[in-house]
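Chains A and B are the protein sequences, given in the same order. Take the first sequence: its letters are residues 209 to 325, numbered as in our numbering. Take the second sequence: its letters are residues 43 to 155, numbered as in our numbering.
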Amino acid sequence: TQLLEQSPQFLSIQEGENLTVYCNSSSVFSSLQWYRQEPGEGPVLLVTVVTGGEVKKLKRLTFQFGDARKDSSLHITAAQPGDTGLYLCAGAVNLNAGGTSYGKLTFGQGTILTVHP
Amino acid sequence: AAGVIQSPRHLIKEKRETATLKCYPIPRHDTVYWYQQGPGQDPQFLISFYEKMQSDKGSIPDRFSAQQFSDYHSELNMSSLELGDSALYFCASNLLLTHNEQFFGPGTRLTVL
């Protein structure tokens with residue numbers, strides 16, 4: 209069973225501050241996704257990382273996949289109130305056609321981010 | 043761009059009743075996943091279908107069943123509903139070989155009274 213430990217669980221900061229959310233596991237993942245979820249809505253995909261050491265940037269958001277593909281981080285620069293929400297990391301292990309796992313996602317516990325004006 | 047469609051968006055049932063949730067994946071996506079998200083919890087994988095065949099099974103109760111039809115839409119059937127089944131149910135779809143970028147629907151909020 210793959211487990212993803214996401215931290216911190218809650219984060220309350222002022223507008224303009226920087227923050228980092230971590231996602232760690234003892235398992236290797238084929239890919240790792242970061243989602244943002246609004247209350248009562250479905251998770252919205254922000255980014256997918258697949259290569260160890262990969263870094264992707266999405267405006268003020270920087271995503272990194274660990275060299276061993278066991279951990280990832282999300283860094284937000286100069287946070288804004290519009291960044292407020294639930295951030296989820298999710299990992300997947302894709303096996304070949306002879307395997308039994310076809311890409312189901314294992315989610316971290318989520319980080320509730322609140323950015324105060 | 044077309045997204046994943048789920049219906050109904052809200053459903054209220056009594057204990058021991060049955061419920062059917064529907065999911066219409068993004069066109070040309072070949073895989074559908076169902077997840078359950080309890081209050082304050084992260085989504086938990088229930089079951090998935092690849093090309094209309096069950097491909098993986100997670101923590102899905104025996105009271106629940108699902109299938110994927112020839113037009114690739116999927117239905118999650120839930121019987122003998124319990125209070126603990128109250129949750130958000132999400133469907134996600136993808137093309138299996140695309141690094142597993144799953145796209146989620148808006149969810150169905152099931153309330154069991």
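Even glycine gets a Cβ: it sits at the ideal position worked out from N, Cα and C.
Self-check item: 8 Å Cβ shell around L174/A - same chain, five flanking residues per side excluded
Solution: Lying outside 209 to 325, the shown extent of chain A, residue 174/A is not represented and no answer is given.
Self-check item: G306/A burial status per 10 Å Cβ neighbour count (16 or more: buried)
Solution: Within the first sequence, the letter at position 98 stands for residue 306/A. Low local confidence applies: a pLDDT of 49 at G306/A is under 50, so the model's placement there is unreliable, with the coordinate-based value given in what follows. With fewer than 16 Cβ atoms within 10 Å of its Cβ, G306/A is classed as exposed.
Quiz item: Count the other CB atoms within 10 Å of the CB of I54/B; is the residue buried (16 or more) or exposed (fewer)?
Solution: Residue numbering aside, residue 54/B sits at position 12 when the second sequence is read from its first letter. It counts as exposed.
Exercise. Quick one: list the residues of chain B neighbouring Q317/A, beta-carbon separation under 7 Å, in chain order.
Key: As a working mapping, residue 317/A is identified with position 109 in the first sequence. Those within 7 Å of Q317/A in chain B are D84.
Quiz item: Which residues, in chain order, does the segment 86-105 of chain B contribute to contact with chain A at a C-beta distance below 7 Å?
Solution: F87, S90, Y92, S97, D98, G100
Quiz prompt | Range of the contiguous beta strand (DSSP E) that encloses N226/A | solution = Walking along the first sequence from the start, residue 226/A turns up at place 18. Premise fails: N226/A is in no beta strand (DSSP E) and is neither H nor E.
Quiz item: Can you tell which of G311/A, H324/A, V323/A has its C-alpha closest to the C-alpha of F87/B?
Solution: Translated into positions along the second sequence, residue 87/B becomes position 45. Looking at the Cα atoms, G311/A is the closest of the given residues.
Exercise. Please confirm if Y114/B has its CB atom under 8 Å from at least one CB of chain A.
Key: Locating residue 114/B in the second sequence gives position 72, where the first residue counts as 1. Cβ-Cβ to chain A under 8 Å: no for Y114/B.
Quiz item: Hey, which unbroken runs of the beta strand (DSSP E) at 3 residues or more fall wholly within the segment 231-302 of chain A?
Solution: 239-245, 252-257, 263-266, 269-273, 279-284, 293-302
Exercise. Kindly say whether G306/A, judged by its beta-carbon, lies nearer than 8 Å to any beta-carbon of chain B.
Key: The sequence position of residue 306/A within the first sequence is 98, counting from 1. Interpretation of G306/A is limited by its pLDDT of 49, a score under 50 that renders its predicted location unreliable; no figure is taken from the coordinates.
Self-check item: Cβ shell of T256/A (< 6 Å), same chain only, five flanking positions each side left out
Solution: Looking up residue 256/A in the first sequence gives position 48. So the qualifying residues of the chain are S239, Q241.
Quiz item: The beta strand (DSSP E) with Q214/A in it runs from where to where?
Solution: Along the first sequence, read from residue 1 onward, the residue named residue 214/A stands at position 6. Counting along the chain, the beta strand (DSSP E) containing Q214/A begins and ends at 213-215.
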